[in-house]
Every structure is written in structure tokens, then in C-alpha cells.
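Engineer:
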């Protein structure tokens, strides 16, 4: 158990939290939420012992093993990828190396034999004989194909190297996992795999930061909200937290309104009758009441949503973009193959697919920043584009303030309009005078959205626009894109955002594109969500209507591995079925109590509230278990179909 008591932390004049206390219980999952800069990452560093608080205590048992995601992949450049994962347990690696060295020796004596026995024990206790398959499973789950497992780390891109370090951390199987934005650099399928792993296989305490609303809803059993310069613990996932916080804030507003109304009434009485002898006594009584009344504490929330809205100077023609058989290679690596699709005015198009499949490359081709090896594309009548690049910080260079940078992009705009727009994206006052190179990821993203708002183009092309944005910023962007009357092409791995915005899905695969008109939820219902498991050729000249499983013949090794996977999925499905049955029984028991004659007359309000709260909690858990069971059952069906029944 980790305990935090009377914690206070500030940097200069900025207070993150003060007099805050919270306890992290074993085996539970805690999601940390709050605005950018509220102190989420600082709290993780405090728990890990990497920083010291200004005051208060953080109690971490000495025997508790903490796992922290590192970013130092550079030290592993010449090491095999799977060996990097195995290094998560250095004692095991050392034991395996020593055993191998002894076995290679030509002179085995009794001392060597005794040492070999000790090593065998050490390796068995550390699950060393299944270590490599487990490491391979972690890598594959995080989207790193088996072909890369025995190659050097240097062969991977920066994003995939960070996935290897995440696999290394999971391989450690620590008592407590501390994760800061673990879904960054992951695609949708890898995120779903990580959700499943953390929910069904990791047994320790999880403390994590995420701006992925879906991830928070699936993984978190508690939410710690960092706001009003304090830590507040809420039971349940993110949706339940939002409901509880909204209710608390509503009650606080009513408390303040009641205070203001009451003080106004008392003051009015005093002002009216203070000078009258017949009412002087009553007036003095009201003065005493005013003096005794406690002013409700009002702290300013650190959560502020940017005010985003996009307009188009004039609409485009009906057909916005036509792409025909576009292909692209980098060296011998083919990233796009025979990609064809058409986009109509007003569509909100989400381009999805695993990392490295060519999503950003496709955007750069249609923007003429890269040339295609084959194929053509054509923009329609009166099409004008604004572009948000994934590496947008590269466009913010030089010794120039945020205000001057934005003004330089639109010198015809009045100064007041520029300042007003910067205020709308939360860059007012001193923030507007910051050098663009000193802006945080969220600040630089909002500055670029301010420029796009000024441009008033009819086509927005956005590559991972939600990276580095907090939940309030993501929600504001989603609302603005939905309301935008023009056309949107967006690459994103953030499912809630895609679900909210998209009306048209383009899924890139190694063989082409799956082109689907409809929402992301409709797409999932039709095709399922594990798109990496599909390896059949796709039609590239018309929109797909049906997905068919691969019938490629499996090798004996693949069949054996698939058989093991089927066995594991059967166990998972059975476990979820048991949890669903138990949950339904508990809910039925509570409903039975509610149905007892005169229950509401005989039970105390506290008992009724407690039962209602318990029922809501059980219902939320039941919904989660049903979702997990559906996912597990779907995977089982796919695996059994591949195996042949």
C-alpha cells in the first residue's frame, strides 16, 4: 500500500497541490486526470522517489517493486529487441548467461554441477523457462512483428523503440506500475491489447496518466482528479468520475448561490432598518448572523477549455478528392499499395491503420509534399487546405513570440483580433509572449489551431491532432470539427475522438484500403476491430461490403501457437462469464431488497443511498465485463476459424 499524507508541491509561485492525502491499495487501478500542467507527471515522479515534495509524506514499503517507463532506448541500439525485453529482469539474464557459460565449458566438475543446480532453481523461480515466449508475446501484442524480435533495436523507429521499453517494463511484472501516457505511439489495436493485458493479466497496482478517454474507462477502477490544487479520489471509471464531479460542482454552485442570496437578504434588512429604533435590535441580530456566516471556499479550477471553431471562406465543389491506385516505397519497404478512394464535400474522414502503414505518408502525398511512385490524385473545384502536421513543433522555430508568430501568418488582421484569438486558445497575457520554442506540446498545438481558424479553408487535414492535448482540449476540438461545415481528413489513434467526429472510415492495410461510409462504431460492428489480424487482399476500386477471414494454410508451429492462444482465450471467456453471472446475481439481490414491502419506509436514507451506489458500481463493472467477454469471444471465434474449427 502506498500512502500520501498532507502533500504539498509547488514550483516557484505555481502551486500544484497542497495538504492532499490519498492511498493506493494493492491490486487496484488508478487513472490520474487533470489539465496540462496540473501536476500529474510530477505526482508520478514523487511516488517513484525522483522528486521530493515541499512538505508532507509519501510512504512506499521498502519491499515494494516499482516499475517506471523509461525513455532511454539509446543505450540498447546494438542489442537484439527480444533481449532488451529480457533485460527487464537483469538477475534472470545473468543466471541464464552463467548457465550457458557453464554448459559450454569442457571441464564440468562437482562444483560446476552444484552451481548449475543453484542456477536452475533461480531460473525456475523467475519463470525463466517461459521468459522468451512471454517476451515475444508482449512484443507482438504491442505491434512489433516477430521478424523484428531478433534484430537490433537500431532497426526500429523511435516510436517502436518506446514500445520495446514498455514491453520490458511489463516483463518485469512489478508490484506497482507507473505509466505516463502509455498509449502514446500505439495504434488502436495495440491499445486494445494493452487494455486487455492490464485488465486480465497484470495483478499489481496500476497508477497511470492518460488522455485517452476509452483507455481510462476500460482500465481505471478509480480516478484521481488533480484540480483546485488538490488530489480527489473518485470510485469508478472516467465516465462515472465525470458524473460525480459534475454533481459535486452543481452542489457547490447551489451552496454559493444560497450564501449570496442569504447574505443579500440579511444585508438588505440591516440597511433598511438599522436607523429605526423599533427595528434596531433585529438589525443588530442580522449583523451578528452575517458575521457568523462562513464564506464558501471558492478555488479556481485548472481545467479551462479552449474555444475552438472553424469556418470556411467558401465551400468546395461536391467531389473534394479522388485518389487512384497510389503506391509508395521507401527503399525496399512498400508503405502504400494501390490506394484508391473518393471524398465528398462535408465528410469527416478518419484514416486508420497500424503504425508504419503509411497514414502520414498518404497525407503528405495528397499535399504534394511527397511524390507517389505510382497512381494519381486530383483535388476538386475550389478546394483549399489547412494542414496540422504530426511533427508540428518543427514549424515553430526561431526567436519569436506566440503573438508575433500568429500575427506574421495573418498581418491583415487587427491586433485586437489576434490577441482575442490567442485568448480563445488559452494563450493570453504572458503566455502569448512566450517564445514558440518554449511552448509545451499542448500550447503549440493550440497555437496552430488558432492559425487554422484564421485561414478559414474548406478542407482540414490533421495528423494526430490530439497528441499532447488534455481531455478538455480534445473535447473542444471534437466539437469544433463536428460543427465545421467543410471537409476533414484526420489521422488519429484516439478512439473516442474518432467515434465522435468520423462519418467515413479509410483503413489502410498492406494490400490497399478498406473504404467504409459510416461512423467508427458502425465500422467496428461490421468488420471487428483487430484489423492487424486481417491479411487478405482488399478491393481498391470500390467500397467494401464484407470482410472474409484469411484461409492461408498454417505451419505446424503456427498451429501449435494458435492452439495455445485458443486455450487461453477459452479460459478468459469462462472467467468473464463467471464474473458476469456473479455481477448479475449481486444486482438481483439488491433489486430484491428494493422490492420488499415498506422497504423505503423502514430503511434509513443512508442505507438506501449505499445500496443504490453499490448497484451503480456493480452495473458499471457488469458493463465492463460484458465488453471484455465480447472482445474475448470475438477473438476466440477468429482464432478457431483460422485453426479450422
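In this note's numbering, the protein residues as written are 19 to 663.
The beta-carbon is built from N, C-alpha and C at its ideal position, and this holds for glycine as well.
Note that the structure is a prediction, hence the values are computed from the model and not measured.
(1) What runs of the beta strand (DSSP E), each 3 residues or longer, lie entirely inside the stretch 187-219?
(2) If you run the structure through DSSP and keep just helix, strand and coil, what is residue 78?
(3) Within the continuous alpha helix (DSSP H) that includes residue 94, where are the two ends?
(4) Cα separation between residue 235 and residue 49?
(5) So, for residue 169: in the same chain, excluding its five sequence neighbours on each side, which residues have a beta-carbon less than 8 Å away from its beta-carbon?
(6) Among all the DSSP beta bridges, which residues are the ones paired with residue 410?
(7) Which whole-angstrom value is the C-beta distance of residue 400 and residue 334, which I expect to be below 8 Å?
(8) In whole angstroms, what separates the C-alpha of residue 35 from that of residue 72?
(9) Going by DSSP, which residues form a beta bridge with residue 478?
(10) Would you kindly work out how many angstroms separate the C-alpha atoms of residue 43 and residue 224, rounded to a whole number?
(11) Return the first residue and the last residue of the beta strand (DSSP E) that residue 343 is part of.
(12) For residue 345 and residue 167, what's the separation of their Cα atoms in angstroms?
(13) Please specify which runs of the beta strand (DSSP E), each continuous and at least 3 residues long, are wholly inside the stretch 213-252, giving them in chain order.
(14) What's the call for residue 560, buried or exposed, on a 16-neighbour Cβ count within 10 Å?
(15) Under a three-way DSSP split, which group does residue 66 fall into?
(16) Assuming residue 327 and residue 435 make a contact with CB atoms under 8 Å, what is their CB distance in whole Å?
(17) My understanding is that residue 47 touches residue 238, with C-beta atoms under 8 Å, so please give their C-beta distance in whole angstroms.
(18) Bridge partners of residue 522, per DSSP?
(19) Taking all protein chains shown into account, decide if residue 349 is buried (16 or more other Cβ within 10 angstroms of its Cβ) or exposed.
(20) So, helix, strand or coil for residue 275, using DSSP?
(21) To the nearest angstrom, how far is it from the Cα of residue 492 to the Cα of residue 340?
(22) Contact defined as beta carbons within less than 8 Å: I believe residue 342 pairs with residue 358. What is the distance between those atoms, to the nearest angstrom?
(23) Could you tell me the distance, in whole angstroms, from the CA atom of residue 376 to the CA atom of residue 419?
(24) Would you kindly work out how many angstroms separate the C-alpha atoms of residue 137 and residue 144, rounded to a whole number?
(25) Quick one: using the 10 Å Cβ neighbour count with 16 as the cut-off for buried, is residue 147 buried or exposed?
(26) Given this structure, state the Cα-to-Cα distance separating residue 288 from residue 307, to the nearest angstrom.
(27) Would you mind giving the Cβ-Cβ distance between residue 183 and residue 222, rounded to the nearest angstrom? I have them listed as a contact below 8 Å.
(28) Determine whether the beta carbon atoms of residue 209 and residue 61 lie at a separation below 8 Å.
(29) Which of the three DSSP states is assigned to residue 327 in this structure?
(30) So, does the stretch 510-519 touch the stretch 361-378, judging by three or more C-beta pairs under 8 Å?
(31) For residue 121, is the classification buried or exposed, using 16 other Cβ atoms within 10 angstroms of its Cβ as the cut-off for buried?
(32) Run the CB neighbour count on residue 181, radius 10 Å, all protein chains shown included, and call it buried at 16 or more, exposed below.
(33) Could you tell me the boundaries of the alpha helix (DSSP H) in which residue 35 lies?
(34) Measure the alpha-carbon distance for residue 489 versus residue 598 and round it to whole angstroms.
(35) In the DSSP assignment, what are the bridge partners of residue 22?
(36) When DSSP labels each residue in this structure, what does residue 568 get in the three-state scheme?
Structural biologist: From the atom records:
(1) 194-198
(2) coil
(3) Note, residue 94: premise wrong, no alpha helix (DSSP H); not H, not E.
(4) 9 Å
(5) 98 and 99
(6) Paired residue(s): none; residue 410 is not in a bridge.
(7) Contact holds; Cβ gap of about 5 Å.
(8) When rounded, the separation of the alpha-carbon atoms in residue 35 and residue 72 is 10 Å.
(9) Note: residue 478 sits in a beta bridge opposite 404 and 506.
(10) Within the model, the alpha-carbon separation for residue 43 versus residue 224 is close to 10 Å.
(11) It spans 337-348 - the beta strand (DSSP E) in which residue 343 sits, taken as one unbroken run.
(12) Residue 345 and residue 167: Cα-Cα distance of roughly 28 Å.
(13) If we require 3 residues or more, the beta strand (DSSP E) runs fully inside the stretch 213-252 come out as 223-227 and 240-245.
(14) Any reading at residue 560 needs caution, since the residue's pLDDT is 34, under 50, leaving its predicted position unreliable; the model's value is listed next. So residue 560 ends up on the exposed side.
(15) coil
(16) Going by Cβ atoms, the distance from residue 327 to residue 435 rounds to 14 Å, so no, they are not a contact pair.
(17) 5 Å
(18) 367 and 535, per the DSSP bridge assignment.
(19) It is exposed - the Cβ of residue 349 has fewer than 16 other Cβ atoms within 10 Å.
(20) Residue state, collapsed to three classes: helix.
(21) 29 Å
(22) 5 Å
(23) 34 Å
(24) 11 Å
(25) exposed
(26) 11 Å
(27) Incorrect: roughly 18 Å between the Cβ atoms, too far for contact.
(28) no
(29) coil
(30) yes
(31) exposed
(32) buried
(33) Run containing residue 35: none in the alpha helix (DSSP H); it sits in the beta strand (DSSP E), 32-42.
(34) Spanning the two alpha carbons is a distance of roughly 31 Å.
(35) 40 and 76
(36) Note that residue 568 scores a pLDDT of 39, beneath 50, so its modelled location is shaky; the value from the coordinates is reported in the next line. Coil at residue 568, not helix or strand.
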